[in-house]
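A.B. asks: Going by my numbering, the sequence shown opens with residue 6, and the numbers climb by one from there.
Backbone N, C-alpha and C define an ideal beta-carbon position, used for all residues, glycine too.
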Amino acid sequence: MRHVLNVSGSGRFKGGHVIVAHAVHQHASQDLLFVVVSVGLAAVGSFAALVSAIRIPISQGAAQVRWTLAAALSLGGGAIWSMHFIGMIGYRVDGLDLRYGLPITGVSLLIAVAVSALGLTLVARRPRSTGWLALSGVISGLGIAAMHYTGMAAMHVGGTVTYRRGIVVLSVLIAVAVALVALWIAFRVRTGRHVVAASLVMATAICGMHYTAMAATQVQAGPGYEEVRGADPISLAPIVCVIAFSVLAVVIFAAMGGVTESGAFSMAREGSRHRRPASARVTVGRAAGEVRGGVSEPPPAPAAFASPRGDQYRPAPPVPVWSRPAAPEPPTRSG
6 MRHVLNVSGS
16 GRFKGGHVIV
26 AHAVHQHASQ
36 DLLFVVVSVG
46 LAAVGSFAAL
56 VSAIRIPISQ
66 GAAQVRWTLA
76 AALSLGGGAI
86 WSMHFIGMIG
96 YRVDGLDLRY
106 GLPITGVSLL
116 IAVAVSALGL
126 TLVARRPRST
136 GWLALSGVIS
146 GLGIAAMHYT
156 GMAAMHVGGT
166 VTYRRGIVVL
176 SVLIAVAVAL
186 VALWIAFRVR
196 TGRHVVAASL
206 VMATAICGMH
216 YTAMAATQVQ
226 AGPGYEEVRG
236 ADPISLAPIV
246 CVIAFSVLAV
256 VIFAAMGGVT
266 ESGAFSMARE
276 GSRHRRPASA
286 RVTVGRAAGE
296 VRGGVSEPPP
306 APAAFASPRG
316 DQYRPAPPVP
326 VWSRPAAPEP
336 PTRSG
C-alpha cells in the first residue's frame, strides 16, 4: 500500500514522537512481507479464538474462565494486537527512522486482551441476546480502536504525525463492526469447515480496520534530523512472531482435544452417543433425578436442550465435533 500525505498544520506531543502535519508531499508505504505475515497472524489468531470460544458456553467454573482467557489472548493478543504490531513494523516513511517505545506498546497489548475478554464474557452470558451482542461489540470495538491509536502513540519518528479525522472516524466504525462480527461468529460457528471460513472473514475484517487506520496517518519530517530513541522494530518482529505463533499453536492444540481437563476425548464413544435416540438420553437424565423429602424432583434439562444459562428446553450451542467429550454409559438394570 502506498499513499501520499499532503496536509497542513503543526503541533507535537511531548516526547516529539506523535502528531502533526505535512506541508510538502511525504510518501509512506507498507512492506509487502510484513503485510502477508500480519494477515497470517490475524487468520491463525482468529481460528484459535474461535475454537476456544466454542468451549466457553459448554464449560463451567474454572474451565470456563480458562477458555475465556484463551479466547481473549488469541483474539486480542494474537489476531488483533500481533497483527497490528507487525503491520506497523512494515510501515515505512521515506527519509525517516521509526522506533517504538516498549512501555506504551505493552499498554496497547493489555488493552487488546482486556477488551476481548470483556466482550467474550458479556456475550457468553447470553449468546443469543442481540442487546448483549451489540453492547459487547461497541465496548470491544472502541477498545480495539483505543489499542490501535495507543500503539501508534508508541511510534517514535524523526518528525511529527497527524491523522485525517474522517478516516479516523471510519476506522473506529470498522473496529466496532469487526468486534460485532467476531463476537457473533464466536458463539455460532461450530463445524470445522465453517470455523476455517469464519476465521478468514474475521482476519479480513481485522486487517481492514488496521490498514484503514494506517491510511489516516500523516507524517512530517522535523525541522532538522533528530535522533530517534526506542526499540528497533526489525529486531522486534521475529520475537513477536515466534511468541505469537507459539502461543496460538498451544491454544489450538488444547482446544481441539490435544489437551483437556480429563485427558484425551474418545471420538468413537462420542459417535455412539449421537447415534443413540434422543429419548434414550432423556430417560438417562430422568434416572438421575434426586428424591428430596419423599418427593421426586425433575432432573435438570438434558444437555441437548439446555441453554448456556441453564434454561430448559432451549437448544444449547452444539459442541464441535472435534472436542466433544465422551458421554457416560447409560445405567444398567440389575436383576
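Assuming T110 contacts G156 (C-beta within less than 8 Å), just tell me the rounded distance between them.
C.D. replies: In this structure, T110 and G156 form a Cβ contact; the two beta carbons are roughly 6 Å apart against a cut-off of 8 Å.
A.B. asks: If we ignore side chains and look at the alpha-carbon of each, how far apart do T167 and F258 end up?
C.D. replies: 42 Å
A.B. asks: Check whether the region 60-72 touches the region 91-100, taking contact to mean three or more Cβ pairs, one atom from each stretch, closer than 8 Å.
C.D. replies: no
A.B. asks: On a Cα-Cα basis, can you pick out the residue from P108, G146 and A139 that is closest to V120?
C.D. replies: G146
A.B. asks: Buried or exposed: where does H32 fall if 16 or more other Cβ atoms within 10 Å of its Cβ makes it buried?
C.D. replies: Under this definition H32 is an exposed residue.
A.B. asks: State the Cα-Cα distance for the pair F39 and A48, rounded to the nearest angstrom.
C.D. replies: 14 Å
A.B. asks: By the 10 Å Cβ neighbour count, where 16 or more other Cβ atoms means buried, how is G197 classified, buried or exposed?
C.D. replies: exposed
A.B. asks: With a threshold of 8 Å on Cβ separation, who are the neighbours of G213 within its own chain once the five nearest residues in sequence on each side are excluded?
C.D. replies: Contacts found: I179 and V183.
A.B. asks: My output table needs one value for Q35: the three-state DSSP class, helix, strand or coil.
C.D. replies: strand
A.B. asks: Quick check: the Cα distance between L241 and L125, rounded to an integer number of angstroms?
C.D. replies: Those two C-alpha atoms are separated by around 29 Å.
A.B. asks: What does the Cβ neighbour count give for L138, buried or exposed, with the cut at 16 atoms within 10 Å?
C.D. replies: buried
A.B. asks: Could you compute how far the alpha carbon of T209 sits from the alpha carbon of V44?
C.D. replies: 8 Å
A.B. asks: By alpha-carbon positions, which one of R130, F90 and V70 ends up nearest to A158?
C.D. replies: F90
A.B. asks: Is any heavy atom of the ligand ATP found at a distance shorter than 8 Å from the C-beta of A203?
C.D. replies: With respect to small molecules bound, the structure shown includes none, and the ligand ATP cannot be examined in it.
A.B. asks: My output table needs one value for R169: the three-state DSSP class, helix, strand or coil.
C.D. replies: Of the three classes helix, strand and coil, the one that applies to R169 here is coil, per DSSP.
A.B. asks: What does A249 pair with, by DSSP beta-bridge criteria?
C.D. replies: Partner(s): none; A249 has no beta bridge.
A.B. asks: Return helix, strand or coil for R131, following the three-state DSSP convention.
C.D. replies: If DSSP states are grouped into helix, strand and coil, R131 belongs with coil.
A.B. asks: Tell me the rounded alpha-carbon separation between L55 and V128.
C.D. replies: 13 Å
A.B. asks: Please report the distance separating the alpha-carbon of V194 from that of A218.
C.D. replies: 28 Å
A.B. asks: Is P238 closer than 9 Å to Y105 when the C-beta atoms are compared?
C.D. replies: yes
A.B. asks: Are there 16 or more other CB atoms within 10 angstroms of the CB of R60, so buried, or fewer, so exposed?
C.D. replies: Around the CB of R60, 16 or more other CB atoms lie within 10 Å, so the residue is classed as buried.
A.B. asks: Which residues in the same chain as L101 place their Cβ atom closer than 7 Å to its Cβ, once the five residues preceding and following it in sequence are excluded?
C.D. replies: V162, G163, G164, V224 and A226
A.B. asks: Short check: CB of A117 to CB of L74, under 9 Å?
C.D. replies: no
A.B. asks: Apart from the five residues on each side of it in sequence, which residues of its chain come closer than 8 Å, Cβ to Cβ, to Q35?
C.D. replies: M6, R7, G92, G95, Y96, R97, Y216 and M219
A.B. asks: Grab me the residues of L250's own chain with a C-beta within less than 8 Å of its C-beta, minus the 5 sequence neighbours each way, in chain order.
C.D. replies: It should be pointed out that residue 250 corresponds to Phe in this sequence rather than to Leu. Excluding residues within five positions, the ones whose Cβ falls inside 8 Å are L46 and V49.
A.B. asks: How far does the beta strand (DSSP E) with L103 in it reach, from first residue to last?
C.D. replies: L103 to Y105
A.B. asks: At the 9 Å Cβ level, is V252 part of the contact set with chain D, yes or no?
C.D. replies: Reference to chain D is not applicable here, since this structure consists of a single protein chain.
A.B. asks: Does the Cβ of V245 have 16 or more other Cβ atoms within 10 Å, making it buried, or fewer, making it exposed?
C.D. replies: buried
A.B. asks: Sorted by chain position, which residues of the same chain lie with C-beta nearer than 7 Å to L114's C-beta, five sequence neighbours on each side aside?
C.D. replies: G82 and W86
A.B. asks: Sort out for me which residues DSSP pairs Q223 with in a bridge.
C.D. replies: T167
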